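Data first, discussion second: the structure below is written as C-alpha cells.
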Amino acid sequence: MARHLITSALPYINGIKHLGNMVGSMLPADVYSRYLRQRGHEVLYICATDEHGTPAELAAKAAGQSVEQFCAEQHDAQKAIYDGFALSFDYFGRSSSQQNREITQEFARELKANGFIEERAIRQVYSVADGRFLPDRYIEGTCPHCGYDKARGDQCENCTRLLDPTDLINPRSAVSGSTELEVRETTHLFLLQSKLADEVEAWIEEHGKDWPTLASSIARKWLTEGLNDRAITRDLDWGVPVPADVWPELAAQGKVFYVWFDAPIEYIGATKEWSDADPARRDWKSWWYEATDVRYTEFMAKDNVPFHTVMFPATQLGTRAPWKKVDYVKAFNWLNYYGGKFSTSQKHGIFTDAALELLPADYWRYFLMANAPESDDTSFSWELFATTVNKDLADTLGNFVNRVLSFSLKRFGDTVPAGAEPGEAEAALGTEVAALIAEYQAQLDSLQFRKAAQALRALWSAGNVYLETKAPWLQIKTDEAGAALTLRTAMQLIHLYGVLSAPFIPATSAAMRAVFASSEAGEPGWVSEEQATALDFVAAGTSFTVPPVLFAKITEDDLAAWRERFGAQ
Ligand SMILES: Nc1ncnc2c1ncn2[C@@H]1O[C@H](COP(=O)(O)OP(=O)(O)OP(=O)(O)O)[C@@H](O)[C@H]1O
Ligand SMILES: [Zn+2]
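In the numbering used here, the protein residues as written are 18 to 586.
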C-alpha cells in the first residue's frame with residue numbers, strides 16, 4: 018500500500034476562516050484522508066497556520082497585541098474551530114515554528130550554493146510616517162487608467178489593470194494614510210526562476226498529465242507568461258530571518274523571507290513539528306526526502322495554484338535535493354456568497370465559528386462537499402442549504418434510521434429480529450448496494466467529491482426504496498417473519514451507512530455504528546464487495562438503541578432568521 022501525504026493550503030492567520038476557505042482546501046483534504054485511512058492506507062495529513070507577512074503585522078497592531086501574541090491566539094482559535102469541524106489533521110502546525118525557520122533557511126542556502134539566488138538593489142516606496150517600506154498593496158492612490166481612487170499599488174480592482182506603485186496618482190500609505198512617501202533603494206534576494214523555467218516546464222509536462230484541468234491550465238498559463246525572477250525577501254520585522262552565515266549584511270539589516278517563500282516550505286516544517294513531538298516513532302524525512310513510495314496530494318483553491326504548481330516546485334528543484342514534489346493537485350473554484358466571493362477582509366459570507374453556532378459540523382460538511390465548487394464557481398444560498406439538509410440528511414438518511422429502529426423496537430423489542438431467511442429482494446438489494454459502493458469508491462479514488470456525495474446519497478436512497486417496497490408496517494399484519502427480515506436487512510444498511518458515510522459525516526456515522534451493541538469502537542474500516550452483497554453485518558439477537566434524531570429539519574423561521582443575520586440578499 019502506498020503511503021499518502023496530504024496537505025491543504027495553509028489558512029492565513031489574520032482571522033477566522035469562512036466556509037469558502039473550508040470547502041476550497043481543508044474539508045476535501047479531510048474527506049480524502051479519512052477515506053484513505055478507512056481503506057487501510059497509511060496517511061499523513063498536514064496543515065498549519067500561515068503566519069508571516071504584513072497583513073498579520075497590521076492585524077496584530079489593530080488588535081493592540083504583539084505579533085507573536087496575536088498569532089499564538091489566532092492559531093489556537095482556528096485550531097479549536099477545525100476540531101469542531103472534525104478535521105482529522107495528523108498535525109496542525111505553525112509557519113512561524115523553529116522547524117520551519119531552519120528548513121526555510123536551509124532551502125535558501127542550497128539555492129544560493131546552486132546559483133539560483135542573487136542580491137539585487139531595487140527601488141521601493143518608503144513611508145516616513147510609518148517608518149517602513151510599504152509592500153505594493155499597501156500603497157493606495159488614483160488609478161491612471163480609470164480614475165478609481167482606491168487603486169492599490171499592485172492592481173486596480175476597479176479596472177483590474179496591473180500597476181506599479183509609481184503609476185499611482187496621489188499615492189498614500191494604506192497603513193496610516195500619510196502622503197509622505199519616498200522611493201528608496203534597498204537590497205533584496207531574488208530567486209532566479211527564469212533559470213529554472215525549462216526544468217519546471219519539463220517537470221509539469223511529465224507530472225502534470227493527470228492533474229485536473231483547473232490545475233494544469235493555470236500552471237501552463239503561468240509558464241507561458243514566463244517565469245520571472247522574484248524578490249523573496251522583505252523589509253519587515255516578522256518572518257523567517259535571512260541566514261547570517263550566508264548574507265551577514267542583509268541579516269544585520271533585518272531582512273526576512275517573503276511569506277510565499279516560507280509558507281509552502283511549512284508543509285515540510287509542520288511535518289517536522291509532528292515528528293519532533295514523538296521522535297522515537299515518527300520520521301518526517303521519510304515522507305519528504307527520497308520518498309519514492311509516497312503519493313503526495315495537495316488541496317487548494319485556484320488562486321493558490323501558481324504557487325503550488327510552479328513556484329514551489331521551482332524552489333524544490335533548485336535545491337538539487339530529492340525533495341518530494343506534488344503528485345496530484347486538487348484545485349477548487351470559488352464558493353460565492355450573495356453578490357461576490359466570500360471574503361475575510363470584507364467580512365462577507367458565513368464564517369466557520371458562526372456556522373458551528375447554528376448547526377453541528379456534519380450538516381455543513383455534507384452540504385459543502387455535495388456542492389463543492391469543483392468544475393465551476395458555486396453560489397451558496399440558504400435555500401439550497403435547507404433543501405439539501407432537509408431532503409438528503411433529514412428525510413433520506415435520518416428518517417430511514419429512525420423509522421426502522423423505532424418500528425422494530427415497538428414490534429420486536431430491542432434486539433435485531435431474526436425472522437425469515439433473505440430472499441430475492443434482499444439479493445437484489447445486495448447487488449445494487451455493491452454496485453453503488455463501487456461507484457462511490459471510484460469517485461473518491463478520483464477525488465470527484467460532488468459525484469462521490471451523489472453516490473453516497475444513492476446508497477441512502479436504495480435503503481428507502483427497499484423499505485417502501487417491502488413496507489414492513491403492512492407486512493407485519495400477514496407475515497411477521499417477513500417483516501422481521503425486512504427490518505433486519507434495513508439494520509444491515511444502517512451499519513453500512515455508519516461505515517461508508519464516515520468520510521463526509523464522521524459524527525453521525527459514529528452514532529449510526531453505535532446503534533448496535535456489537536460494533537467496535539474507534540475508526541471504521543471499509544467493506545469488501547462480498548460483504549456488501551451479503552448484507553450480513555449485524556447478527557439477529559444483537560441489542561440496539563434508537564438514537565436521537567440524527568438531523569433536524571431546517572424550518573422557514575430558521576431560514577428567515579439566518580438570512581437576516583448573515584445579510585443574504
Ligand atoms: N471563496 C472561496 N472558495 C473556495 N476557496 C477559497 C475561497 N476563498 C479562499 N479560498 C481558499 O482558502 C484557502 C485558504 O486561504 P487564505 O487563508 O489564504 O484566505 P484567502 O484566500 O485570503 O481568503 P480571503 O480572501 O477570504 O481572505 C486557499 O486555498 C484559498 O484559495
Ligand atoms: Zn483602474
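Idealized CB from N, CA, C, for every residue including glycine.
Fair warning: this is a prediction, and the values are worked out from it, not measured in the lab.
Take residue i as the anchor and find which of the options has the nearest alpha-carbon.
i: F35; options: S360, S463, A501 and P520; result: What sits at residue 35 in the sequence shown is His, not Phe. Per the Cα distances, S360.
i: P377; options: A348, K364, L410 and N350; result: L410
i: H365; options: E223, T413 and G32; result: G32
i: L27; options: G37, R56 and I63; result: I63
i: D93; options: A569, F384 and A65; result: A65
i: N10; options: T326, A389, I367 and A338; result: There is simply no residue 10 to check, as the chain begins at 18 and stops at 586 in what is shown.
i: P523; options: S463, Y380 and K347; result: Y380
i: I235; options: N245, I221 and L510; result: I221
i: L385; options: L61, A146, Q471 and K302; result: Q471
i: P229; options: E315, Y514, T550 and V532; result: E315
i: T203; options: V217, C176, T395 and A248; result: A248
i: G558; options: D431, F466 and A445; result: D431
i: E123; options: A214, F274, H21 and G101; result: F274
i: P439; options: G499, Q460 and I454; result: G499
i: D262; options: S396, Y345, A125 and A308; result: A125
i: C160; options: V276, W340 and T183; result: T183
i: A569; options: Q509, R251, N416 and L213; result: N416
i: Y383; options: D394, W340, N407 and D393; result: N407
i: L180; options: I156, R201, E199 and S195; result: I156
i: Q548; options: P265, L461, Q509 and I30; result: Q509
Can you tell me the Cα-Cα spacing of residue i and residue j, whole angstroms?
i: H398; j: A585; result: Residue identity differs from the one stated: residue 398 is Ser in this sequence, not His. Taking the straight line joining both Cα atoms gives about 8 angstroms.
i: S425; j: V311; result: 48 angstroms
i: L267; j: T336; result: 21 angstroms
i: G72; j: F87; result: One detail in the question is off: residue 72 reads as Pro in this sequence, not Gly. Computed Cα separation, rounded: 12 angstroms.
i: Q363; j: N419; result: 43 angstroms
i: Y313; j: K342; result: 7 angstroms
i: A46; j: D370; result: 20 angstroms
i: D320; j: P281; result: 14 angstroms
i: A338; j: A146; result: 44 angstroms
i: H512; j: F554; result: 7 angstroms
i: K272; j: V142; result: 16 angstroms
i: N175; j: K167; result: 9 angstroms
i: A318; j: T495; result: 57 angstroms
i: A297; j: R580; result: 52 angstroms
i: A528; j: A538; result: 11 angstroms
i: A372; j: W301; result: 34 angstroms
i: M43; j: R428; result: 45 angstroms
i: G357; j: V276; result: 27 angstroms
i: G542; j: D293; result: 29 angstroms
Taking 9 angstroms as the CB-CB cut-off, is residue i touching chain C?
i: P182; result: As a matter of chain content, chain C is missing from the structure shown, which is built from one protein chain.
Would you call the segment 204-213 and the segment 129-140 touching, i.e. three or more CB-CB distances under 8 angstroms? Verdict: yes, contact present.
With contact counted as at least three CB pairs below 8 angstroms, one residue from each stretch, are the segment 153-171 and the segment 231-248 in contact? The segment 153-171 is not in contact with the segment 231-248.
Relative to ligand 2, what is the chain-ordered list of residues with a Cβ closer than 5 angstroms to any of its non-hydrogen atoms? The filter returns C160, H162, C163, Y165, C173, N175 and C176, in chain order.
Is the segment 137-152 in contact with the segment 172-192, if contact means three or more CB pairs nearer than 8 angstroms? Yes: the two stretches touch, three or more of their Cβ pairs being nearer than 8 angstroms.
Tell me which residues pass a beta-carbon proximity test against ligand 1: closer than 5 angstroms to any heavy atom, given in chain order. Here the residues come out as A26, P28, Y29, G37, N38, G41, S42, M317, A318, D320, N321, W351, L352, K358, F359, S360 and T361.
Within the segment 468-496, ranges of the beta strand (DSSP E) (whole runs, at least 3 residues): The segment 468-496 is shown to contain no whole beta strand (DSSP E) run of 3 or more residues.
Threshold first: 3 residues or longer. Then list the beta strand (DSSP E) segments lying entirely within the segment 86-115, N to C. Fully enclosed beta strand (DSSP E) runs of 3 or longer: 108-111.
Segment contact, 8 angstroms Cβ cut-off, at least three pairs: the segment 45-54 with the segment 113-122: No, the segment 45-54 does not touch the segment 113-122.
Which residue spans inside the segment 224-270 form an unbroken alpha helix (DSSP H) run of at least 4? Fully enclosed alpha helix (DSSP H) runs of 4 or longer: 230-241 and 265-269.
Which full runs of the alpha helix (DSSP H) of 4+ residues lie inside the segment 276-346, going along the chain? You should have 276-293, 301-305 and 329-335.
Sufficient close CB pairs (3 or more, under 8 angstroms) joining the segment 497-508 to the segment 433-441: The segment 497-508 makes contact with the segment 433-441: 3 or more CB pairs, one atom from each, lie closer than 8 angstroms.
Using 8 angstroms as the cut-off, can you tell me whether the segment 481-500 makes contact with the segment 456-466, which would need three or more C-beta pairs spanning the two stretches below that distance? These segments do not touch.
Counting only runs of 4+ residues fully inside the segment 345-425, write out the alpha helix (DSSP H) ranges in chain order. Considered as a whole, the segment 345-425 harbours 369-375, 378-387 and 399-405 as its complete alpha helix (DSSP H) runs of no fewer than 4 residues, in chain order.
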